[in-house]
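Chemist: Protein chains in written order, with the working numbering: chain A, 1 to 199; chain B, 1 to 199. Where a beta carbon is used, it is the ideal one built from N, C-alpha and C, also for glycine. Got a structure here, written out as structure tokens. Questions coming.
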């Protein structure tokens with residue numbers, strides 16, 4: 001039997017990671033986000049910070065120079081993708097869990113019974129939130145959001161060949177700005193429990 | 001105070017119209033779909049069937065010839081859009097309601113407190129459903145779905161300048177195939193009541 005997994009894709013600053021943690025806590029199952037990065041770091045030998053950044057750069061684009069080529073001809077991004085792919089597949093085989101980001105929805109197609117969620121919010125809500133959560137930077141919060149969104153979309157597109165943020169790729173796409181972070185977590189738990197009880 | 005309105009955009013065959021009716025019934029508020037078409041028919045002098053079809057043709061595209069030009073230089077599609085725009089605006093001013101299709105989410109921006117919902121489902125679910133609901137046709141259900149989707153997307157794009165089906169245009173985008181039609185209706189009612197109680 002396939003495990004029940006919740007995958008959460010999210011716009012930067014939308015609270016998707018917080019929602020993932022809340023849902024996992026409510027359900028008593030693990031949430032992989034930073035833990036996932038640690039695991040990929042152990043497997044790959046790269047530093048966690050590098051992996052965090054690399055997860056948002058699609059190779060081949062104008063940022064390709066950020067990736068040095070490895071001896072066997074593959075670049076670091078592709079090498080990391082392979083480790084990420086295997087790590088996520090392994091985690092989903094262990095038991096029910098929540099996985100935030102990292103194209104887990106795509107990686108687990110056919111491998112787990114996934115509830116695929118996308119969390120987004122408008123610029124104003126996210127700008128206010130990232131300043132609260134991550135503090136001020138030289139760059140305006142709006143510029144930081146635009147950069148991050150662009151990178152995540154390009155990364156997702158490159159590896160999955162699907163359009164990031166298209167409602168049709170998900171079971172539920174929720175606006176955390178208008179629905180509220182706590183309520184989003186409740187809804188996702190509710191959908192997860194219903195699906196589990198029906199399978 | 002602005003009225004609370006639920007707008008439902010939907011892929012053909014996803015059950016969005018049925019969900020709209022269910023939600024309206026649960027909440028004891030009107031649902032405008034065929035009623036809306038009747039009202040536009042009365043206002044415009046066109047037949048209801050023509051309006052139903054016209055709502056899925058964007059003017060200027062390869063189907064533009066379907067619209068004869070009116071004396072004052074505007075075409076029928078633009079004339080209908082204007083009536084549709086005014087009719088929807090009037091309905092939302094009357095009181096809380098559910099409006100299915102017709103770019104109501106766009107038309108009511110700033111005019112009502114809208115809960116904007118998108119309902120979709122995969123091809124298989126929708127193909128089975130349209131045969132059940134509308135019966136067999138010469139064309140395959142998959143071809144009918146593709147045609148309808150394409151037309152609705154083009155119509156929405158033309159009049160709203162937004163991408164149809166992009167999760168970020170909605171408060172909640174739900175997959176009726178995986179969540180279930182009845183459960184979608186429950187979720188929407190729940191979101192509506194919560195928003196109403198907070199405002």
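Closer than 8 Å, CB to CB, is residue 33(A) near chain B or not?
Modeler: With 8 Å as the cut-off, residue 33(A) does not count as an interface residue toward chain B.
Chemist: Going by DSSP, what residue range makes up the beta strand (DSSP E) through residue 90(B)?
Modeler: Note, residue 90(B): premise wrong, no beta strand (DSSP E); alpha helix (DSSP H) at 76 to 94.
Chemist: Can you find a CB in chain B that lies within less than 8 Å of the CB of residue 120(A)?
Modeler: Yes, because at least one Cβ of chain B sits closer than 8 Å to the Cβ of residue 120(A).
Chemist: Name the residue from 199(B), 86(B), 171(B), 177(B) whose alpha carbon lies nearest to the alpha carbon of residue 187(A).
Modeler: The residue with the shortest Cα to Cα distance from residue 187(A) is 171(B).
Chemist: Hey, residue 161(A) and residue 167(B) are a contact pair by Cβ (cut 8 Å); roughly how many whole angstroms apart?
Modeler: Not confirmed; about 18 Å, so no contact.
Chemist: With distance defined between alpha-carbon atoms, name the residue in 197(B), 120(B), 121(B), 105(B) nearest to residue 156(B).
Modeler: Of the candidates 197(B), 120(B), 121(B), 105(B), the one whose C-alpha sits nearest the C-alpha of residue 156(B) is 105(B).
Chemist: Is residue 51(B) helix, strand or coil by DSSP?
Modeler: Helix.
Chemist: Taking residue 145(A) as the reference, give the member of 128(A), 5(A), 95(A) with the closest Cα.
Modeler: If we check each option's Cα against that of residue 145(A), 128(A) comes out closest.
Chemist: In three-state terms, what does DSSP make of residue 197(A)?
Modeler: DSSP places residue 197(A) in helix when its eight states are reduced to three.
Chemist: Under a Cβ-count criterion, where at least 16 other Cβ atoms within 10 Å of its own Cβ denotes burial, should residue 86(B) be classed as buried or exposed?
Modeler: Exposed is the call here.
Chemist: Sorry if obvious, but does the Cβ on residue 158(B) come closer than 7 Å to a heavy atom of the ligand GTP?
Modeler: This structure lacks the ligand GTP; in fact it carries no ligand of any kind.
Chemist: Quick one: what's got a C-beta closer than 7 Å to residue 123(B)'s C-beta in the same chain, skipping five residues either side?
Modeler: Closer than 7 Å at Cβ, skipping near neighbours: 142, 145.
Chemist: Considering only DSSP beta bridges, list what residue 203(A) is partnered with.
Modeler: Because chain A in this structure spans residues 1 to 199, residue 203(A) falls outside the shown range and cannot be described.
Chemist: Would you give the residue range spanned by the alpha helix (DSSP H) that residue 99(B) belongs to?
Modeler: Element bounds for residue 99(B): not the alpha helix (DSSP H) but the beta strand (DSSP E), 97 to 100.
Chemist: Please report the distance separating the alpha-carbon of residue 28(A) from that of residue 137(B).
Modeler: Each residue's alpha carbon lies about 49 Å from the other.
Chemist: DSSP on residue 103(A), reduced to helix/strand/coil?
Modeler: Residue 103(A): coil per DSSP, three-state reduction.
Chemist: In chain order, what residues of the stretch 167 to 179 of chain A put their CB closer than 8 Å to some CB of chain B?
Modeler: Residues 167, 168, 170, 171, 172, 173, 174, 175, 178, 179.
Chemist: What would DSSP say about residue 166(B), mapped onto helix, strand or coil?
Modeler: Looking at residue 166(B) - three-state DSSP - the assignment turns out to be strand.
Chemist: Work out the CA separation of residue 88(A) and residue 41(A) for me, nearest whole Å.
Modeler: Roughly 13 Å separates the two Cα atoms.
Chemist: Less than 8 Å between CB atoms is the rule here; does residue 2(B) satisfy it with respect to chain A?
Modeler: Not an interface residue.
Chemist: Between the C-alpha atoms of residue 8(A) and residue 189(A), what's the straight-line distance to the nearest angstrom?
Modeler: When rounded, the distance between both Cα atoms is 12 Å.
Chemist: Comparing alpha-carbon positions, which option in 3(B), 15(B), 6(B) lies nearest residue 203(B)?
Modeler: Absent from the model: residue 203(B). The displayed extent of chain B is 1 to 199, so no value can be given.
Chemist: Using 8 Å as the limit for Cβ to Cβ distance, is residue 96(B) near chain A?
Modeler: For residue 96(B), the answer is no, since every Cβ of chain A falls outside 8 Å of its Cβ.
Chemist: Report the CB separation of residue 117(A) from residue 6(A) in whole angstroms; it is logged as a contact under 8 Å.
Modeler: The Cβ separation is near 6 Å, so the contact holds.
Chemist: Looking only at DSSP bridge pairs, what is residue 32(B) linked to?
Modeler: Answer is 99(B), bridged to residue 32(B).
Chemist: In this structure, does DSSP put residue 113(B) in helix, strand or coil?
Modeler: If DSSP states are grouped into helix, strand and coil, residue 113(B) belongs with the strands.
Chemist: Give me the subset of the stretch 151 to 165 of chain A whose CB atoms are less than 9 Å from a CB atom of chain B, sorted by chain position.
Modeler: Those would be 163, 165, in chain order.
Chemist: Looking at the secondary structure, which residues open and close the alpha helix (DSSP H) in which residue 108(A) lies?
Modeler: It is not in any alpha helix (DSSP H) - residue 108(A) carries neither H nor E in the DSSP assignment.
Chemist: Which residue from 93(A), 79(A), 98(A) puts its Cα closest to that of residue 34(A)?
Modeler: Of the listed residues, the one whose Cα sits closest to residue 34(A) is 98(A).
Chemist: Looking at residue 92(B): is its Cβ nearer than 8 Å to the Cβ of residue 108(B)?
Modeler: Taking 8 Å as the Cβ cut-off, residue 92(B) and residue 108(B) qualify as a contacting pair.
Chemist: Which bits of chain A does residue 194(B) rub up against, with CB to CB less than 9 Å?
Modeler: The contacting residues are 179, 180, 183.
Chemist: Of all the options 53(A), 199(A), 135(A), which has the alpha carbon lying nearest to the alpha carbon of residue 179(B)?
Modeler: With distances taken between Cα atoms, residue 179(B) lies closest to 199(A).
Chemist: Kindly list the residues whose CB is nearer than 6 Å to the CB of residue 96(A), restricted to its own chain and excluding five residues on each side of it in sequence; keep chain order.
Modeler: If we look at residue 96(A) and ignore the five residues flanking it on each side, its Cβ neighbours are 3, 4, 29.
Chemist: Based on Cα-Cα distance, which residue from 10(A), 80(A), 149(A) lies nearest to residue 44(A)?
Modeler: Nearest of 10(A), 80(A), 149(A) to residue 44(A), Cα basis: 80(A).
Chemist: Apart from the five residues on each side of it in sequence, which residues of its chain come closer than 7 Å, Cβ to Cβ, to residue 175(A)?
Modeler: Taken in chain order, the residues that qualify are 120, 121.
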